[in-house]
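Visitor: My questions will all concern the structure given below.
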Amino acid sequence: MILLISDLHLEQERPDITRAFLHFLGTRARQAEALYILGDFFEVWIGDDAISPFQRSIADALKQLSESGTAIFLMHGNRDFMIGQRFCREAGCTLLRDPSVVELAGEAVLLMHGDSLCTRDENYMRMRRYLRNPLSLWILRHLPLGTRHKLARKLRNESRAQTRMKASDIVDVTPDEVSRVMAEHGVKTLIHGHTHRPAVHKLLVNGEPARRIVLGDWDRQGWALQVDETVFNQAPFSLDA
Numbered sequence: 115m116i117l118l119i120s121d122l123h124l125e126q127e128r129p130d131i132t133r134a135f136l137h138f139l140g141t142r143a144r145q146a147e148a149l150y151i152l153g154d155f156f157e158v159w160i161g162d163d164a165i166s167p168f169q170r171s172i173a174d175a176l177k178q179l180s181e182s183g184t185a186i187f188l189m190h191g192n193r194d195f196m197i198g199q200r201f202c203r204e205a206g207c208t209l210l211r212d213p214s215v216v217e218l219a220g221e222a223v224l225l226m227h228g229d230s231l232c233t234r235d236e237n238y239m240r241m242r243r244y245l246r247n248p249l250s251l252w253i254l255r256h257l258p259l260g261t262r263h264k265l266a267r268k269l270r271n272e273s274r275a276q277t278r279m280k281a282s283d284i285v286d287v288t289p290d291e292v293s294r295v296m297a298e299h300g301v302k303t304l305i306h307g308h309t310h311r312p313a314v315h316k317l318l319v320n321g322e323p324a325r326r327i328v329l330g331d332w333d334r335q336g337w338a339l340q341v342d343e344t345v346f347n348q349a350p351f352s353l354d355a
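What follows is the structure in structure tokens.
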């Protein structure tokens, strides 16, 4: 069994999500061969050197799962793209490139966070290119902690305000970009998060049937995609552990 989740946006202000996630780690995830976390695991991450006691407790819980035998793979999201190798070592997980092709149920599957597919949001794409630039990342990681905290709050508030004002299709994926990326990687299944719109979309890639599986976000309920042999099944569950 393989499990895939995304968009938990873990933060101390949402203890209900944290409790549900820790319960998930201690029960269902213990039975899995691997757990893939496809971005926006934390609501905000300003650097491995700024890890809080809350974030360290999450790292410790992941480490326990890893030591129990479940392989953990973590992908950057737009909220936590500054997670580095130090955190991954402490959490016992492997940092996964976005995008990555992995084998699930005997099939080559493309995994992404999903924000890079939203090409109609031109302002966001420009900001993404700037923030993900290696030089920008180096500068961000070397800013004083207080400055990083202020910048993170500013970016988060601006993102929330802009998202509310944008048309729904602007903050969703661009169909042509989905087809292009899937064709580039030679896959018929794409799994991503980011949009908070869980669903399975059928499409054609190079004239062949394909599918795009969107993972759900953890807010009013939790979501997990379970892969067993040839079956991909995503279902919600209550946050009340």
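No gaps in the numbering here: position 52 of the sequence shown is 166 in my numbering, and each next residue is one more. Using N, Cα and C, we set each Cβ at its ideal position, and we do this for glycine too. All values reported here derive from a predicted model rather than from experimental measurement.
If you draw a straight line from the C-alpha of Leu259 to the C-alpha of Ser230, how long is it?
Guide: 28 Å
Visitor: Mapping the DSSP letters down to three states, classify His310 as helix, strand or coil.
Guide: Residue state for His310 is assigned as coil, using DSSP reduced to three classes.
Visitor: Touch check for the stretch 153-171 and the stretch 193-203: three-plus C-beta pairs under 8 Å?
Guide: yes
Visitor: Rounded to whole angstroms, what's the CA-CA distance from Asn271 to Lys264? Just pull it up for me.
Guide: 11 Å
Visitor: Along the chain, where does the beta strand (DSSP E) containing Asp342 start, and where does it finish?
Guide: 336-342
Visitor: Can you tell me whether DSSP reads Thr288 as helix, strand or coil?
Guide: coil
Visitor: At a cut of 8 Å, does the stretch 222-229 reach the stretch 300-317 through at least three beta carbon pairs?
Guide: yes
Visitor: Output the distance between the C-alpha atoms of Ala297 and Leu269, rounded to the nearest integer angstrom.
Guide: Spanning the two alpha carbons is a distance of roughly 33 Å.
Visitor: Please determine if the stretch 286-302 and the stretch 211-218 are in contact, where contact requires at least 3 C-beta pairs separated by less than 8 Å.
Guide: yes
Visitor: Is DSSP giving Ala347 helix, strand or coil here?
Guide: Correcting the residue type first, residue 347 is Asn in the shown sequence and not Ala. Three-state result, Asn347: strand.
Visitor: Based on the DSSP secondary-structure assignment, which residues constitute the bridge partners of Val215?
Guide: Leu224
Visitor: Measuring only the C-alpha atoms, how far is Arg170 from Glu291?
Guide: Each residue's alpha carbon lies about 37 Å from the other.
Visitor: Using the Cβ count rule (16 or more neighbours within 10 Å means buried), how would you classify Arg326?
Guide: buried
Visitor: Please confirm whether Ala338 and Leu117 have their CB atoms less than 8 Å apart.
Guide: Taking 8 Å as the cut-off, the beta carbon of Ala338 is found closer than this to the beta carbon of Leu117.
Visitor: Enumerate in chain order the residues of its own chain whose CB-to-CB distance from Glu441 is below 6 Å, with the five nearest sequence positions on each side excluded.
Guide: The chain is shown from 115 up to 355; residue 441 falls before or after that span and cannot be answered.
Visitor: Where in the stretch 155-202 do unbroken runs of the alpha helix (DSSP H), each at least 4 residues long, occur, reported from the N-terminal end onward?
Guide: Counting whole runs of 4 or more residues, the stretch 155-202 contains the alpha helix (DSSP H) stretches 167-182.
Visitor: Per DSSP, which residues does Val319 bridge with? Please list them.
Guide: Val319 is bridged by DSSP to Glu322.
Visitor: Helix, strand or coil, according to DSSP, for Leu329 in the structure here?
Guide: coil
Visitor: If you follow the alpha helix (DSSP H) that Leu251 is in, where does it begin and where does it stop?
Guide: If you look at Leu251, you'll find it in the alpha helix (DSSP H) that goes 248-255.
Visitor: By Cβ distance below 7 Å, which residues in the same chain neighbour Asp342 in space, the five residues on each side in sequence not counted?
Guide: Met115, listed in sequence order.
Visitor: Using the C-alpha atoms, what's the distance from Ala324 back to Ile197?
Guide: 32 Å
Visitor: Could you check where the beta strand (DSSP E) with Leu209 kicks off and where it finishes?
Guide: 208-210
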